[in-house]
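A short worksheet on the structure shown next.
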Amino acid sequence: MEEVLEEAINTTGGPKGASTIAIKKYIAAHYPHLDIENRTYLLKQAVKRGVSKGQLKQMSGTGFTGFYKAVVKKVSKPPPAFYRDPDEKPTTIDLLEEAIAMYCEPKEASPQAIKKYLSEHYPHLEIETRSYLLKRALQKGVENGQLIQLSGKGMSGTFRLVESYKPKKPMETMIGVAIKAANEPKEASVGMIKKYIREHYPTLDIENHMFKLKRGLEKGVKNGELEQITGKGASGTYQLTEPFIPSP
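Residue numbers (UniProt numbering): 1 to 248.
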């Protein structure tokens with residue numbers, strides 16, 4: 001939600017910032033799955049959290065009303081990409097798959113999908129014969145407010161990563177990676193795709209080469225690898241048409 005909120009503010013805002021009304025309308029139009037019209041509390045929580053963390057600045061108004069601006073912070077070193085082989089030059093569709101997988105919201109998966117991912121990519125855990133490790137980690141994640149169990153009990157149902165998810169232990173990190181990877185369907189707005197490429201592949205200079213992103217999106221749709229959910233051209237939201245399970 002933090003990334004979605006930042007995108008909405010930067011897209012709809014002017015010199016005085018973006019109003020909460022405009023932000024809400026943008027999220028409702030571009031992220032219908034968030035059902036923001038009936039879940040305004042999600043937006044209120046995200047705004048409050050953004051202000052308290054210094055990521056947002058309230059330009060006018062009080063409480064939830066008024067105008068907000070995103071605080072621009074210099075990043076000396078880009079965070080690590082979701083998955084990347086430093087010796088292999090990624091194709092455009094590789095970048096799009098990475099970006100959509102990383103910035104898809106919400107991020108959720110079943111314990112079975114999480115277990116399968118851990119078994120394939122972290123064999124040293126021997127999770128098939130030590131399921132108790134996963135069960136214990138999921139329970140602790142819910143207790144600590146890092147995970148939300150949307151349905152089911154124990155090792156059933158669906159678990160969602162909270163937006164402020166900050167793993168402190170290796171097992172928590174691996175579960176976070178597994179949920180991001182196993183979450184389906186994967187979709188993200190062009191704004192978030194562009195942000196991911198800008199942060200993780202700065203040498204591509206995407207701000208001055210938007211035609212490459214637009215061409216990649218068009219080619220992805222033409223080849224059946226992407227589906228445009230909302231908007232036209234290099235705007236709106238795109239979804240991967242096939243399951244994409246990246247390596248850690």
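Beta carbons are placed, not taken as given, at the ideal position from N, Cα and C, and that holds for glycine.
Residues that DSSP places opposite Gln139 in a beta bridge: Answer is none; Gln139 lacks a bridge partner.
Spatial neighbours of Gly233 in its chain, beta-carbon cut-off 7 Å, leaving aside the 5 residues before and after: In its chain, beyond the 5 residues on either side, Lys214 have a beta carbon closer than 7 Å to the beta carbon of Gly233.
Have a look at the DSSP bridge pairing and note the partners of Leu226. Paired residues: Leu240.
May I have the straight-line CA-CA distance separating Thr40 from Lys24, to the nearest angstrom? Straight-line Cα distance between these residues: approximately 8 Å.
Which same chain residues end up closer than 7 Å to Thr91 when comparing Cβ atoms and leaving out the 5 residues on each side of it in sequence? Taking C-beta separations shorter than 7 Å and ignoring five residues to either side along the sequence, Thr91 has no partners in its chain.
I need the boundaries of the beta strand (DSSP E) containing Leu161, first residue and last residue. For Leu161, the enclosing beta strand (DSSP E) begins and ends at 158 to 161.
Look at the Cβ atom of Leu226, then the Cβ atom of Leu240, and state whether they are nearer than 8 Å. Here Leu226 is near Leu240, since their CB atoms are less than 8 Å apart.
DSSP-derived helix/strand/coil call for Val4: Residue state, collapsed to three classes: helix.
Assuming Met174 and Leu118 make a contact with CB atoms under 8 Å, what is their CB distance in whole Å? With a Cβ gap of about 6 Å, Met174 and Leu118 count as contacting.
Once the 5 residues before and after Pro86 are set aside, which same chain residues still bring their CB inside 8 Å of it? For Pro86, the predicted model reports a pLDDT of 48, less than 50, meaning its position is unreliable; a value from the coordinates is still stated below. In the same chain as Pro86, and ignoring 5 residues on each side of it, no C-beta atom comes closer than 8 Å to its own.
Gly14, buried or exposed, once every other Cβ within 10 Å from all chains shown has been counted against 16: Gly14 comes out exposed.
Any idea which residues DSSP pairs Gln146 with across the strands? None, per the DSSP bridge assignment.
Can the beta-carbon of Lys194 be found closer than 8 Å to that of Ile179? Taking C-beta atoms as the reference points, Lys194 and Ile179 fail to come closer than 8 Å.
Residue(s) in a DSSP beta bridge with Phe67: Under DSSP, Phe67 forms a beta bridge with Ser19, Ser60.
Give me the DSSP bridge partner(s) of Ser189. Note: Ser189 sits in a beta bridge opposite Thr237.
In terms of alpha-carbon separation, which member of Val51, Ala70, Val71 lies closest to Gly63? Cα-wise, what sits closest to Gly63 is Val51.
Report the three-state DSSP secondary structure of Gly13 (helix, strand or coil). DSSP places Gly13 outside both helix and strand once states are collapsed to three, so it counts as coil.
Short check: CB of Gly66 to CB of Gln58, under 8 Å? Cβ distance < 8 Å, so Gly66 and Gln58 count as in contact.
For Glu218, which of helix, strand or coil comes out of DSSP? Secondary structure at Glu218: helix, using DSSP grouped into helix, strand and coil.
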